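This report concerns only the one structure given below.
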Amino acid sequence: MKKIMTSQMHFMGFIFFSILFLNHSLAQTKVVIPGTFQSELGCSGDWMPDCDNTALTYNSSTGLWTGSFIIPAGCHQYKVAIDGSWDVNYGENGILFGANINLYVAAETLITFTYDPETHLVTTSPIASGFSSSCLPQVVLAGSFQDELGCSSDWDANCTNTALYYVPGTGQFENDLSIPPGYYEYRAILNNDWSGNNFGVDGIPNGGNYSIYIPCNTTKVHFTYNPLTHVVTSSYNLNSQPNTVVIAGSFQSEVGCSGDWQPDCGNTRMTYDPIYGTWVDTLYIPAGHWEYKITVNNSWNENYGLYGERDGANIPLDLCYSAKVVFTYYHSDCYHYAYTQVITNGVCVNKFYDANVNGYPDYGEEPMGGVAFTLTGNGITQTQTTGSDGKAAFSNIPDGIYVVKENVPSGYYSSLIDSQYVYVFSSNATVNFGNVCIGAGGAKGMGFWTSKNGEGALNNSGKLEDALWWLRYLGLRNADGTDFDPYTYAQLRTWMMGANSKNMTYMLSAQLAAMFLSMELGYVDGYNSYIYTPGCSWWGNFMNVYNLVWTTNYYLWYRTTVDGKDPDRNYLDCLKTAFDNANNNLTFVQPHPCTGAVTKSESKQLPEVNSIGVEAKVWPNPSNNYFTLRAAYNRNNEGVLIKVYNANGQQVYTANGSSNKDYRFGDRFIPGIYMVEVEQGDNRTTFKLIKQ
15 MKKIMTSQMH FMGFIFFSIL FLNHSLAQTK VVIPGTFQSE LGCSGDWMPD CDNTALTYNS
75 STGLWTGSFI IPAGCHQYKV AIDGSWDVNY GENGILFGAN INLYVAAETL ITFTYDPETH
135 LVTTSPIASG FSSSCLPQVV LAGSFQDELG CSSDWDANCT NTALYYVPGT GQFENDLSIP
195 PGYYEYRAIL NNDWSGNNFG VDGIPNGGNY SIYIPCNTTK VHFTYNPLTH VVTSSYNLNS
255 QPNTVVIAGS FQSEVGCSGD WQPDCGNTRM TYDPIYGTWV DTLYIPAGHW EYKITVNNSW
315 NENYGLYGER DGANIPLDLC YSAKVVFTYY HSDCYHYAYT QVITNGVCVN KFYDANVNGY
375 PDYGEEPMGG VAFTLTGNGI TQTQTTGSDG KAAFSNIPDG IYVVKENVPS GYYSSLIDSQ
435 YVYVFSSNAT VNFGNVCIGA GGAKGMGFWT SKNGEGALNN SGKLEDALWW LRYLGLRNAD
495 GTDFDPYTYA QLRTWMMGAN SKNMTYMLSA QLAAMFLSME LGYVDGYNSY IYTPGCSWWG
555 NFMNVYNLVW TTNYYLWYRT TVDGKDPDRN YLDCLKTAFD NANNNLTFVQ PHPCTGAVTK
615 SESKQLPEVN SIGVEAKVWP NPSNNYFTLR AAYNRNNEGV LIKVYNANGQ QVYTANGSSN
675 KDYRFGDRFI PGIYMVEVEQ GDNRTTFKLI KQ
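Residue numbers (the working numbering): 15 to 706.
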């Protein structure tokens, strides 16, 4: 009902508006010609809509209003005002509230004005109204680009930096303006007059702004203003490209040049592609580390390096095998970027000691040589061993999908995964494999904190009260599940010595407290120390100590008691074991590669990843589209809970359903590494996913 009433009101308003101006057409009582000449005709000033000295007389036989006045020589403007006010007025082309009408009088002349109330057009004789080259207005493009061209501000109708000038041969106002790339708006203003000489799109008085996009690599923008239609047009061309572009680099002697770093060698000269506006060249380059720059017109006078910077640093190019490389360079006023694409099929392996267990070779991390890798797929099996630089290569392989698997060295652990899928289709792929070894990390166990040494460390550090305050803040539990809030060292010692696993939250609390005290007194760097936590983390088999502490504390806040039948028992036992091993200095990631293998006895102390008890698989992995997960049917026909986390620990997907069913997800995931957690009954497991 509200919409109907609103529409009716709009319609009634339109009828009222139409009748109002229809009445002015049929029953006008006064028509005046206000303009720049009125003061010369006895009016007290110009632009006076109620001055009778320039009023017209109605002729009932013709239905027209006419009047004759002696107009002095000069450039004049005028309008038609109805009933002695500006409430209703007509300008150029009979437009209501339109632009001022021009009139050029070379010598004082008796001019007759005739106004048609039906069309609202006004004519003059013997001299016709309209634009005259003898009365050139100042035409300025006022817009959002003016401050870029030296005006004090945008939308300044008086700034001649953006003025257009009359060209007698074309009868237009024109100019070329050097406008930086970007989006802009503008309009034409005559004589700094925003009220009567203000033209927008299609030359409409007070119309909408013109909009223009200036791309990179353009010439000056040519603007044209038509004084008869008031329409503004614009045009520009792309700048010309260089005569020659050459790839100058450390590999030129390898591709037939007489030497390296030659800006005029024809063997590395690029070809311009007018369709894409880029310069391209394809070169066969041997394996190795190379550097290059882009040179223009066979000289170093103009050259571009890293990030497209003029005279910038050399651009690196690392090839783990000899390959065809496509070089592409974009030359414009804005960008001078060069990039490469390897089109010879192959796989590059980076092997490194991954001290921060993120799966990527960060600056300063040490390469690992002598590690064997096997590539399988398409009926092919190849094995390569990394060199001292930690690199290996599989080359000249056909298009297809392959699996690259490492033979993890004795005493080491994979920081994320030990095998990866790669997609090779007229391209190369790079896979990163990180390893770590584990050992002591400076932690003090429960035995230390319940001894005289532990008590002395707390007292001598001056942090006993702070440590007790934090322990009260944590969600520590007693044997019966109640809160444990220590106020004295004696209370802490008694509680820690009595810890047992009958209620898992009690033992877990004690292990957590021991690690927290090691952090509080500086024995362990909680943010930068990582420990081996297989089965406990949504992100690989490692967690930093800080995350382990607060993940555990989260569970303790909400779980008071957990016995052997509790479905969370296995997970809390995993957390407890992770703390136990770390507090005994067995599972800290070492900052540098191992000097010896982990012994058999040490290996037995480390927990295995808790299996789901039935087969579950994810494919394809890696994937550049979506993943499919299936948990196989088990005899209890238990449901399946699937959770997917990104690298920041945020849950990005969840599904709750049945086993032996396909779950498809991940098509909208951004590239990166994800962790899938699958729960079925009392069991859980995790999978790592790679989205390419």
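C-beta: ideal position from N, C-alpha, C; glycine also.
For clarity, every value in this text was computed on a predicted model and none was experimentally measured.
Note to self: Check whether the segment 527 to 542 and the segment 593 to 604 are in contact - that is, three or more C-beta pairs closer than 8 Å.
What the structure shows: At 8 Å Cβ cutoff, the stretches touch.
Next item on the list: With DSSP collapsed to three states, give me the class of M689.
Entry: Reading the sequence shown from its first residue, position 675 is the one you call residue 689. In this structure, M689 counts as strand in the three-state DSSP scheme.
Margin query: Please classify W314 as buried or exposed, where buried requires at least 16 neighbouring CB atoms within 10 angstroms.
Written below: If you number the sequence shown from 1, residue 314 lands on position 300. The residue is exposed, with fewer than 16 neighbouring Cβ atoms inside 10 Å.
Notebook entry, point to check: Going straight from the alpha carbon of C362 to that of T547, what length do you get?
Noted result: Walking along the sequence shown from the start, residue 362 turns up at place 348. Walking along the sequence shown from the start, residue 547 turns up at place 533. Between C362 and T547, the C-alpha separation is close to 30 Å.
Item checked: Sheet register partners of N421 (DSSP bridge) -> Numbered from its first residue, the sequence shown carries residue 421 at position 407. Answer by DSSP bridge pairing: none, since N421 is not bridged.
Check: Which residue's Cα is closest to the Cα of V310: D295, G302 and N257?
Finding: As a working mapping, residue 310 is identified with position 296 in the sequence shown. Out of D295, G302 and N257, N257 has the C-alpha closest to the C-alpha of V310.
Next item on the list: Assign L110 to buried or exposed, taking buried as 16 or more other Cβ atoms, counted over all protein chains shown, within 10 Å of its Cβ.
Entry: Taking the sequence shown and counting its residues from 1, the one referred to as residue 110 is at position 96. Counting Cβ neighbours within 10 Å, L110 comes out exposed, since fewer than 16 surround it.
Notebook entry, point to check: Does DSSP classify C362 as helix, strand or coil?
Noted result: As a position in the sequence shown, residue 362 is number 348, starting the count at 1. Collapsing the DSSP output to three states places C362 in a strand.
Check: Which residues in the same chain as N312 place their Cβ atom closer than 7 Å to its Cβ, once the five residues preceding and following it in sequence are excluded?
Finding: Position 298 of the sequence shown, counting from 1, holds the residue named residue 312. Cβ within range, chain order: T258, V260, P277 and D278.
Next item on the list: Less than 8 Å between the CB atoms is what I'm expecting for I96 and Q42, so what's the real figure, rounded?
Entry: Counted from its first residue, the sequence shown places residue 96 at position 82. Counted from its first residue, the sequence shown places residue 42 at position 28. The Cβ separation is near 6 Å, so the contact holds.
Next item on the list: Express the C-alpha separation of E693 and N674 in angstroms, rounding to a whole number.
Entry: Counted from its first residue, the sequence shown places residue 674 at position 660. Counted from its first residue, the sequence shown places residue 693 at position 679. Using only the alpha carbons, I get a separation of about 14 Å.
Notebook entry, point to check: For L242, does the count of other Cβ atoms within 10 angstroms reach 16, so buried, or fall short, so exposed?
Noted result: Counting from one through the sequence shown, the residue named residue 242 turns up at place 228. L242 is exposed by the Cβ-count criterion.
Notebook entry, point to check: Just the Cα atoms here: how many angstroms apart are Y544 and R678?
Noted result: Along the sequence shown, read from residue 1 onward, the residue named residue 544 stands at position 530. Along the sequence shown, read from residue 1 onward, the residue named residue 678 stands at position 664. Straight-line Cα distance between these residues: approximately 33 Å.
Checklist line | Cutoff 6 Å; reference T50; Cβ partners in own chain excluding five residues on either side | finding: Within the sequence shown, numbered from 1, the residue matching residue 50 stands at position 36. Closer than 6 Å at the Cβ level, and outside the excluded window around T50, lie D60, H90 and Q91.
Item checked: Sequence-distant residues of the same chain with beta carbon closer than 6 Å to V215, five excluded per side -> Here residue 215 corresponds to residue number 201 of the sequence shown, with the count starting at 1. Taken in chain order, the residues that qualify are G221, G222 and Y224.
Item checked: Buried versus exposed, by CB contacts within 10 Å (16 or more), A504 -> On the sequence shown, position 490 is the one that residue 504 refers to. Counting C-beta atoms within 10 angstroms of its own C-beta, A504 has fewer than 16 neighbours from the protein chains shown and is therefore classed as exposed.
Note to self: At the level of alpha carbons, what is the spacing between Y765 and P330?
What the structure shows: The requested residue 765 does not occur in the structure, where the chain is confined to residues 15 to 706.
Margin query: Need the endpoints of the beta strand (DSSP E) that T126 sits in, please.
Written below: Counting from 1 along the sequence shown, the entry for residue 126 is found at position 112. Note, T126: beta strand (DSSP E), T123 to Y129.
Check: Just reading off the alpha helix (DSSP H) that D376 is part of, what are its end residues?
Finding: Here the question's residue 376 lines up with position 362 in the sequence shown. Here D376 belongs to no alpha helix (DSSP H), and DSSP marks it neither H nor E.
Checklist line | Whole-Å CB distance - T668 paired with I656, under 8 Å assumed | finding: Taking the first residue of the sequence shown as position 1, residue 668 is located at position 654. Taking the first residue of the sequence shown as position 1, residue 656 is located at position 642. Sure, about 7 Å apart at Cβ, within 8 Å.
Item checked: Inter-stretch contact at 8 Å, needing at least 3 Cβ pairs: the segment 480 to 498 / the segment 459 to 470 -> no
Margin query: Which complete beta strand (DSSP E) runs does the segment 427 to 500 hold, if anything under 3 residues is left out?
Written below: Counting only runs of 3 or more residues that sit fully inside the segment 427 to 500, the beta strand (DSSP E) segments are 433 to 438 and 442 to 450, in chain order.
Check: alpha helix (DSSP H) containing T591: first to last residue?
Finding: Position 577 of the sequence shown, counted from the first residue, corresponds to residue 591. Segment R583 to N597, the alpha helix (DSSP H) holding T591.
Margin query: Below 8 Å, how does it come out for the segment 383 to 403 and the segment 473 to 483: are there three or more Cβ pairs, yes or no?
Written below: no
Next item on the list: Select from D287, R201 and H236 the residue whose C-alpha is nearest the C-alpha of I193.
Entry: Taking the first residue of the sequence shown as 1, we reach residue 193 at position 179. Closest option to I193, Cα to Cα, is H236.
Checklist line | Cβ-based neighbour list, F439, same chain, cut-off 6 Å, excluding 5 preceding and 5 following | finding: Position 425 of the sequence shown, counting from 1, holds the residue named residue 439. For F439, where only same-chain residues beyond five positions count, the Cβ hits under 6 Å are D413.
Note to self: Please report the straight-line C-alpha distance between Y426 and T282, rounded to a whole angstrom.
What the structure shows: Residue 426 sits at position 412 when you count from the first residue of the sequence shown. Residue 282 sits at position 268 when you count from the first residue of the sequence shown. Y426 and T282 have their alpha carbons spaced roughly 45 Å apart.
Checklist line | Which listed residue (T238, E199 and N211) has its alpha carbon closest to that of G157 | finding: What you label residue 157 is simply residue 143 of the sequence shown in a count that begins at 1. Of the candidates T238, E199 and N211, the one whose C-alpha sits nearest the C-alpha of G157 is E199.
Notebook entry, point to check: How would you call H38, buried or exposed, if buried means at least 16 neighbouring beta carbons within 10 angstroms?
Noted result: Locating residue 38 in the sequence shown gives position 24, counting from the first residue. Confidence at H38 is low in this model, with a pLDDT of 46, below 50, so the placement of that residue should be treated as unreliable; the coordinate-derived value is given next. Label assigned to H38: buried.
Check: With DSSP run on the structure shown, which of helix, strand or coil describes R644?
Finding: For this step, residue 644 is matched to residue 630 along the sequence shown. In the structure shown, R644 sits in a strand (DSSP, three-state: E or B).
Check: Thinking just about the alpha-carbon of each residue, which of T400, P219, N206 and D432 is nearest to the one in D170?
Finding: Here residue 170 refers to the residue found at position 156 when the sequence shown is read from its first residue. Checked all of T400, P219, N206 and D432; the closest Cα to D170 is N206.
Next item on the list: Alpha carbon to alpha carbon, how far is F447 from G384? Give it in angstroms, no decimals.
Entry: Looking up residue 384 in the sequence shown gives position 370. Looking up residue 447 in the sequence shown gives position 433. Distance between the alpha carbons of G384 and F447: 13 Å.
Item checked: Cutoff 8 Å; reference L570; Cβ partners in own chain excluding five residues on either side -> Counting from one through the sequence shown, the residue named residue 570 turns up at place 556. Within the same chain, L570 has close Cβ partners L488, G489, L490, R491, T519, L522, S523 and L526.
Margin query: Under DSSP, the beta strand (DSSP E) around F679 begins and ends at which residues?
Written below: Against the sequence shown, residue 679 aligns to sequence position 665. Taken as a continuous stretch (DSSP letters only), the beta strand (DSSP E) holding F679 covers D676 to F679.
Item checked: Q266, buried or exposed, once every other Cβ within 10 Å from all chains shown has been counted against 16 -> The residue you call residue 266 lines up with position 252 of the sequence shown. Classification of Q266: buried, given that the 10 Å Cβ count is 16 or more.
Item checked: Contacting residues, own chain, Cβ-Cβ under 6 Å from K590 (five flanking each side not counted) -> Here the question's residue 590 lines up with position 576 in the sequence shown. Same-chain partners within the cutoff: M521, L522 and Q525.
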